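Enquirer:
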Amino acid sequence: HMIQLVDKKIVIFSHSRSGSSSLFYLLNTHPGVNLLGEPFNPYREKWAPDKKNYINDVKSATDLDLALADIYKEHNGFKTLTAQMPVSLNEHLLSSLGENDKIILLHRKNLLQTAVSISISEQTGEWENAKLIKERVQNGCLKPIDIEELKGFMRVASKVGTYYRDFLLGNQQSFYEVTYEDLYLSTKERRVELVDEIFNFLELPLPYFNLDLFFSKRKITNSFETYKHIPNLDEIIVEFKDEEQKVGKLF
């Protein structure tokens, strides 16, 4: 007995370390929603139950259309990270969505924290389990973080709230924009309100959920507790000190 999926496509379009997994899990609590997690992740076959690695076959817009058709056979959407495909394919993906479809644009204002968190996850090999990240970091696994690499991560992450936002506005496509800071760092009342707004935007009834299972301080994977173990922490702080307005500060 299959529950009927809602007849619209839902895409979470975000970047790494923006809280997209929590939002993905929350939306999937709705019985009419069945989103696929990161179909275009290059390492997907290592963790995905279906073992499909879509990105290997996606070299052009036509390939992407075929991959999307395959995804939509069983799912009514997915979450994707901007770094997983070139700009032209991300644009094609966004443009392929119709006026009934729903795009959630999720990004993080603090680009420095984003970039450092990406580096920590790459070094620890863990992206979701905050406890595991902390344990591995405390065991002294972190190497100095390359400054140029951080700048590269920031460039990619910053595109979601600037370049792609402008792209959707230019296309006159409607979308709901939300930030990591809104979802994790605002008051509980505001967080409840935001989830309500998101389901309103999706035109779906709000499912029963426990907010703290998705968006709470303890779901945050990195903080001063992990940052303090970075061998070249002082160098990073000095390097970006004058750009606080633009990239945020580490703590």
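Mapping of the sequence shown onto my numbering: position 143 corresponds to residue 136, and the numbering continues sequentially without gaps.
Beta carbons are placed, not taken as given, at the ideal position from N, Cα and C, and that holds for glycine.
As the structure is a computational prediction, the values presented were derived from the model and not from experiment.
Do Q106 and C134 have their C-beta atoms within less than 8 Å of each other?
Expert: No, the Cβ-Cβ distance between Q106 and C134 is not below 8 Å.
Enquirer: Per DSSP, what kind of secondary structure is V171 in: helix, strand or coil?
Expert: Reduced to three states, the DSSP call for V171 is strand.
Enquirer: Residues in its own chain within less than 6 Å of H(-6) by CB, not counting five upstream and five downstream?
Expert: With a pLDDT of 40 at H(-6), under the threshold of 50, the modelled position of this residue cannot be trusted; read the value that follows with caution. Counting only Cβ-Cβ distances below 6 Å, and skipping sequence neighbours, we find nothing.
Enquirer: Just checking, does the segment 71 to 84 make contact with the segment 182 to 196 on the three C-beta pairs under 8 Å criterion?
Expert: With the cut-off at 8 Å, the segment 71 to 84 and the segment 182 to 196 do not touch.
Enquirer: What is the rounded straight-line gap between the Cα of S209 and the Cα of L87?
Expert: Near 30 Å, if we compare the C-alpha coordinates of L87 and S209.
Enquirer: Just to confirm, are A123 and K212 a CB contact at a threshold of 8 Å?
Expert: Cβ atoms of A123 and K212: closer than 8 Å.
Enquirer: Out of G163, I3 and E170, point me to the one whose CA is closest to K72's CA.
Expert: Per the Cα distances, I3.
Enquirer: In three-state DSSP terms, what is I113?
Expert: Looking at I113 - three-state DSSP - the assignment turns out to be helix.
Enquirer: Between the alpha carbons of L99 and F6, how many angstroms are there, rounded?
Expert: Cα to Cα, L99 sits roughly 6 Å from F6.
Enquirer: What residue from R148, V149 and F192 has the CA that sits closest to F168's CA?
Expert: The option with the nearest alpha carbon to F168 is F192.
Enquirer: By the three-class DSSP mapping on this structure, what secondary structure does L28 have?
Expert: Residue state, collapsed to three classes: strand.
Enquirer: Provide the residue span of the alpha helix (DSSP H) that contains L195, from first to last.
Expert: Segment: none, L195 is in no alpha helix (DSSP H) and carries neither H nor E.
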